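Residue numbers (this note's numbering), protein chains in the order written: chain A, 1 to 180; chain B, 181 to 461. Just so it is clear, CB atoms sit at the ideal spot from N, CA and C, and this is done for glycine as well. Every value quoted in this text rests on a predicted model; they were computed, and no experiment measured them.
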Amino acid sequence: MTGRIIEKMAAEANNPLLPATADLIWSSVVFAILLLIFWRWVLPAFKKNLDARTEAIEGRLAEAEKAQAEAAAKTANIEADQAAARKERAEILDAARAEASVVAAEIQEQARLNAERLLETAKKQIEADTQAAIITLRSEVGALAIDLASAVVKQNLKDDKSAATIVDGFLADLEKDSKN
Amino acid sequence: MLANALSLLNAVVTPVVTGDSGFVSPSIDEFYPEAILFGGTPFALNRIMMIRILVLVLLSVLVLAWARTFAKAYATKNYVPSRFQMMGEIAVGFVRKSIAHDQLGEKDGDRFLPLLTTIFFIVLGMNITGIIPTLNIAGSSLIGLPLVLALGAYVTFIYAGFKKHGFGFLKTALLPSGVPTVFLPLVFLIELLSTFILRPVTLALRLTMNMVAGHLLLVLCFAATQYFFFESSGIFKVMGVGTFTFGFVFTLFEILVAFLQAYVFTLLTTVYIQLALADDH
Numbered sequence: 001m002t003g004r005i006i007e008k009m010a011a012e013a014n015n016p017l018l019p020a021t022a023d024l025i026w027s028s029v030v031f032a033i034l035l036l037i038f039w040r041w042v043l044p045a046f047k048k049n050l051d052a053r054t055e056a057i058e059g060r061l062a063e064a065e066k067a068q069a070e071a072a073a074k075t076a077n078i079e080a081d082q083a084a085a086r087k088e089r090a091e092i093l094d095a096a097r098a099e100a101s102v103v104a105a106e107i108q109e110q111a112r113l114n115a116e117r118l119l120e121t122a123k124k125q126i127e128a129d130t131q132a133a134i135i136t137l138r139s140e141v142g143a144l145a146i147d148l149a150s151a152v153v154k155q156n157l158k159d160d161k162s163a164a165t166i167v168d169g170f171l172a173d174l175e176k177d178s179k180n
Numbered sequence: 181m182l183a184n185a186l187s188l189l190n191a192v193v194t195p196v197v198t199g200d201s202g203f204v205s206p207s208i209d210e211f212y213p214e215a216i217l218f219g220g221t222p223f224a225l226n227r228i229m230m231i232r233i234l235v236l237v238l239l240s241v242l243v244l245a246w247a248r249t250f251a252k253a254y255a256t257k258n259y260v261p262s263r264f265q266m267m268g269e270i271a272v273g274f275v276r277k278s279i280a281h282d283q284l285g286e287k288d289g290d291r292f293l294p295l296l297t298t299i300f301f302i303v304l305g306m307n308i309t310g311i312i313p314t315l316n317i318a319g320s321s322l323i324g325l326p327l328v329l330a331l332g333a334y335v336t337f338i339y340a341g342f343k344k345h346g347f348g349f350l351k352t353a354l355l356p357s358g359v360p361t362v363f364l365p366l367v368f369l370i371e372l373l374s375t376f377i378l379r380p381v382t383l384a385l386r387l388t389m390n391m392v393a394g395h396l397l398l399v400l401c402f403a404a405t406q407y408f409f410f411e412s413s414g415i416f417k418v419m420g421v422g423t424f425t426f427g428f429v430f431t432l433f434e435i436l437v438a439f440l441q442a443y444v445f446t447l448l449t450t451v452y453i454q455l456a457l458a459d460d461h
């Protein structure tokens with residue numbers, strides 16, 4: 001059967017299994033030019049670019065990892081610093097509180113002592129004043145008694161009425177004096 | 181394989197003219213349009229050659245533009261690819277990763293990458309013109325181009341084998357170890373035929389015949405649609421809807437075939453290189 005077909009095709013002017021010269025020539029031209037283009041320009045540029053990109057991506061990934069590690073270390077540092085600061089603050093506060101209670105106690109003690117001292121002074125002053133008053137009163141009472149006695153002696157010889165007047169007048173004087 | 185391809189051709193080498201109607205089914209002459217320039221010389225340019233040159237120009241512009249964006253990205257240390265650059269990287273990266281590196285490993289994959297990418301992009305570019313309106317025929321539907329690509333693959337895998345193993349390549353390729361001595365002559369003949377003769381032939385024929393069959397199917401569907409709509413009468417007009425639907429579906433199918441054949445051609449080339457590089461099989 002194959003033989004018959006080939007015979008039949010040989011009879012035809014155009015044989016699809018045998019290339020014409022022009023067919024081969026133009027095909028070769030197409031093939032050669034595109035092979036050259038791919039070989040010389042397209043593939044080298046393609047590979048170079050792809051390799052560079054791979055390298056860049058790998059480099060950037062490594063960089064990113066490094067940066068991340070650094071950031072993590074920094075964060076840990078900051079956290080440690082914060083914890084230390086917090087501890088320090090607590091310590092300072094505790095110390096201040098203790099000191100404050102001590103100071104307060106001191107101040108209270110001082111105040112108490114002051115108050116006592118003042119009280120003491122005041123008591124003494126009052127005592128001294130009282131003493132002085134008693135002494136003054138005592139001396140004045142003596143003088144007054146002498147005044148009264150002399151006045152009584154002067155007026156005694158007149159009447160009883162006048163004696164009574166003298167006593168009243170004396171009492172009024174006394175009252176007036178004590179008011180002053 | 182060869183017989184299959186030929187029997188497929190059998191259906192189309194003779195134009196079928198249906199009785200009294202004016203409908204002529206497409207024939208193999210579809211693929212031999214009149215020369216437009218340099219007719220009669222070895223450089224005769226017909227429609228298909230023009231399409232190839234158009235594809236060559238478009239592909240060159242595209243891939244050189246990609247090369248420029250790659251180089252620019254490298255020079256400016258801009259590692260965030262633009263949309264256009266990403267497209268290029270996906271396309272070239274597909275051949276590199278999914279075909280070359282998978283079969284050959286990174287080192288050998290990159291070594292043979294120029295050939296593999298060239299084959300992939302040429303086959304894809306030439307196939308896809310089969311469904312582009314106004315072009316409407318695949319640049320790879322004439323045997324010349326698939327043959328040149330197959331020869332490129334053939335030369336490359338033989339070169340790879342000899343470079344790696346010297347003349348030991350012929351021994352590993354033709355006289356595999358572990359075969360009983362009695363069968364060696366037979367195995368030798370089979371391997372000689374399959375490795376050094378059939379490989380390039382099947383590579384070229386598979387692609388050509390896929391494109392030829394696809395084109396003829398599309399022409400048949402759309403020519404029939406045209407005929408049913410404008411030259412037949414009555415109930416036959418309705419059949420045009422059916423043939424048009426077929427044509428539409430086959431157009432979509434041809435897109436798939438275009439990619440698939442590009443992938444298969446490149447993958448087989450890679451596998452042949454890999455077999456040539458292998459220490460023993």
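| Asked | Found |
| --- | --- |
| A215(B) (DSSP reduced to helix, strand or coil) | strand |
| For V260(B), the three-state DSSP class (helix, strand or coil) | coil |
| Contact with chain B by A56(A), beta-carbon distance below 8 Å | yes |
| Contacts that M229(B) makes with chain A (C-beta to C-beta distance below 8 Å) | A22, D23 and W26 |
| Identity of the residues DSSP links to N226(B) by a beta bridge | A215(B) |
| Where V359(B) sits in the DSSP three-state scheme | coil |
| C-alpha distance - L236(B) paired with G420(B), whole-angstrom precision | 36 Å |
| Short Cβ contact (8 Å threshold) for V275(B) with F292(B) | no |
| Of the listed residues A318(B), L329(B) and I415(B), nearest to I228(B) (C-alpha basis) | A318(B) |
| Straight-line gap, G315(B) to T446(B) (C-alpha atoms, nearest Å) | Reading off the sequence, residue 315(B) comes out as Leu, not Gly. The alpha-carbon atoms of L315(B) and T446(B) are separated by roughly 24 Å. |
| V418(B) versus F408(B) - alpha carbon distance | 8 Å |
| Contained alpha helix (DSSP H) runs [length at least 4] in the segment 281-343 of chain B, N- to C-terminal order | 282-291 and 293-308 |
| Through-space distance from S278(B) to I33(A), alpha-carbon basis | 25 Å |
| Three or more C-beta pairs below 8 Å linking the segment 257-274 of chain B and the segment 17-37 of chain A | no |
| Per-residue burial, V243(B) [other beta carbons within 10 Å of its own, 16 or more giving buried] | buried |
| Extent of the continuous alpha helix (DSSP H) to which T436(B) belongs | Note that residue 436(B) is Leu in the sequence shown, not Thr. Per DSSP, L436(B) belongs to the alpha helix (DSSP H) from I415 to L457. |
| Assigned secondary structure, M412(B) (DSSP; H/G/I helix, E/B strand, else coil) | Before going on, a small fix: residue 412(B) reads as Ser here, not Met. Three-state DSSP puts S412(B) in coil, outside helix and strand. |
| Top-ranked residue by Cα proximity to V42(A), from A247(B), I216(B) and A340(B) | A247(B) |
| Chain B contact for R53(A) (CB, 8 Å cutoff) | yes |
| Chain B contact for A45(A) (CB, 8 Å cutoff) | yes |
| M320(B) and V303(B) closer than 8 Å at C-beta | Note on identity: in this sequence residue 320(B) is Ser, with Met being the wrong assignment. Yes, the Cβ-Cβ distance between S320(B) and V303(B) is below 8 Å. |
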